[in-house]
Amino acid sequence: MKPQLGLIGIGHWGKNLLRVLSKLNALQVACDLQHKNLQWAQQQYPHIHYTNNYHEILQNPKLSAVVIATPPANHATIAKEALIHNKDVFVEKPLALTVQEGQELVELAQRKNKILMVGHILHYHPAILKLKKIISQAKLGKIHYLYSNRLNIGKLRTEENILWSFAPHDISVIMMLLSEKPYQILSVGGNYLTKGIYDTTLTTLDFKSGIKAHIFVSWLHPYKEQKLVVVGSNAMAVFDDVAQNKLLLYPHQIEWKNGNIPIAQKSEPTILPIANKEPLLEELQHFLHCIQTRQQPPTNGQEGLEVLKILEAANQSLLQQKTIPHTQPHTQPHTQP
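The numbering of the sequence shown is the numbering used here, which starts it at 330 and goes up by one.
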């Protein structure tokens, strides 16, 4: 029997979750505090029950799991309540806003033997899965560095900075592609609209393998860009999530003239075919599969916690203006100027 879920939050991203869960015939109840969101949802998906009290979902014995898409400041509180009520939990990124909160959720899910899954959607993107495969097969050669740009002029926030809003996806996917955690983090940025809330950040991750990665995020950018570049010794790959051809391979070569002068030999890109699948649909189908099989998802609570640790280290680097070892404890709130 297919699990039945409750959805808490049908705002900006919650509308997409509502659409896909409805398509999967897995949603019984949805909740939002704003009347306009409830009114819109009732018109679009009238077969679903709606409420403005999320405790109705948590206390409903017919629901085996909840999906949480509220503002991030509420993630930890609602996820904790859901686990206490013996629900499996899918929570959109970030898992929480502090490492301590994230650790508590991971430990609670373990004690309760419940699935705790974080919405790091790129793990389920066909292009990223293909990119992971070609990296694993060494088709790019030795990986030198990666960089990601997640830029837009869009939804501006005052409760969390751009690092916490945009960067979790990129931190998560870079660790997934490299199968490695960074050992030190450096982050710089600027806050222009709200004091203490960074609008743009550039974060550098150093890995013990010698690979470097940087993540540039901004919501003060003239156009939308979601791009990840992987540079290897044999070829370079570009994942562009807003392009029609989302994964390109550039087999550029470096030749050495007279033994000591590097010359770039450029090549035309190759379009890599990827499966025609919607990442969000793949992600939520996997959550349902995990509920039924009790299998741990790749983006489980522990993976979400690792991302939180890097976010807190990056935030500490912003505040202290210095490189932070990844193993160092991080305690400062991410909203302090």
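Beta carbons: idealized from backbone N, C-alpha and C, even for Gly.
Residue ILE444 holds the alpha-carbon nearest to the alpha-carbon of ILE620 among ILE444, HIS454, ASN481 and VAL396.
With a 10 Å radius around the Cβ and a threshold of 16 neighbouring Cβ atoms, GLY483 comes out exposed. Taking C-beta separations shorter than 8 Å and ignoring five residues to either side along the sequence, the partners of ALA370 in its chain run ILE339, LYS344, LEU347, ALA359, ASP361, ILE377 and TYR379, following chain order. LYS416 is positioned such that its CB atom lies no closer than 7 Å to that of ALA438.
In terms of Cα proximity to GLU489, the closest of ASN629, ALA402, GLU554 and ASN563 is ALA402. Taking 7 Å as the cut-off, the beta carbon of ALA425 is found no closer than this to the beta carbon of ILE514. When secondary structure is reduced to three states using DSSP, ASP528 falls in the coil class, being assigned neither helix nor strand. Note on geometry: alpha-carbon atoms of GLU554 and ILE500 lie some 16 Å from one another. Here the alpha carbon of LEU469 sits roughly 27 Å from the alpha carbon of PRO626. The Cβ atoms of PRO423 and TRP493 sit closer than 7 Å to each other.
Residue environment: ASN366 is assigned as buried (16 or more neighbouring CB atoms within 10 Å of its CB, all protein chains considered). Counting the other Cβ atoms within 10 Å of the Cβ of GLU421 gives 16 or more, which makes it buried.
In this structure, the beta-carbon distance from ALA467 to LEU434 does not fall below 7 Å. In this structure GLU635 is in contact with LYS510, their Cβ atoms being roughly 7 Å apart against a cut-off of 8 Å.
DSSP, read as helix, strand or coil, puts LYS484 in coil. With a threshold of 16 other beta carbon atoms within 10 Å, LEU640 meets it and is buried.
Less than 7 Å separates the beta-carbon of ALA542 from that of LEU475. Looking at the backbone, the Cα of GLN388 and that of LEU613 are separated by about 22 Å.
With 16 or more neighbouring CB atoms inside 10 Å of its own CB, PRO497 falls in the buried class. For ILE464, the closest of ALA398, MET504 and LEU485 by C-alpha to C-alpha distance is MET504. Relative to the Cα of GLU430, the nearest Cα in the group LYS638, LEU648, GLN649 and ASN644 belongs to LYS638.
A direct Cα-Cα distance of roughly 5 Å separates LEU647 from VAL517. Our two residues, ILE540 and GLU385, have alpha carbons roughly 48 Å apart in a direct line. Burial is judged here by how many other beta carbons sit within 10 angstroms of a residue's own beta carbon; ALA572 has fewer than 16 and is exposed.
For LEU336, no alpha helix (DSSP H) encloses it; the enclosing beta strand (DSSP E) starts and ends at 334 to 337. For LYS595, same chain residues with a beta-carbon under 6 Å away, outside a window of 5 residues either side, are HIS581 in chain order.
THR380 sits in a strand when the DSSP states are folded into three classes. Annotation: PHE419 is outside any alpha helix (DSSP H); the continuous beta strand (DSSP E) that includes it extends over 417 to 421. Rounded to whole angstroms, the gap between the alpha carbons of THR399 and ILE337 is 7 Å. Close CB contacts of VAL349 within its chain, under the 7 Å cut and outside five residues either way in sequence, are with LEU609, LEU610 and LEU613 (chain order).
Counting every other CB atom within 10 Å of its CB across the protein chains shown gives LEU356 a total of 16 or more, marking it as buried. In the DSSP secondary-structure assignment, MET504 is not bridged to any residue. Taken through DSSP and simplified to helix, strand or coil, GLY448 comes out as strand. Taking all protein chains shown into account, ARG623 has fewer than 16 neighbouring C-beta atoms within 10 Å of its C-beta and is therefore exposed.
The distance from the Cβ of GLY335 to that of LEU412 is about 14 Å, inconsistent with a contact at the 8 Å cut-off.
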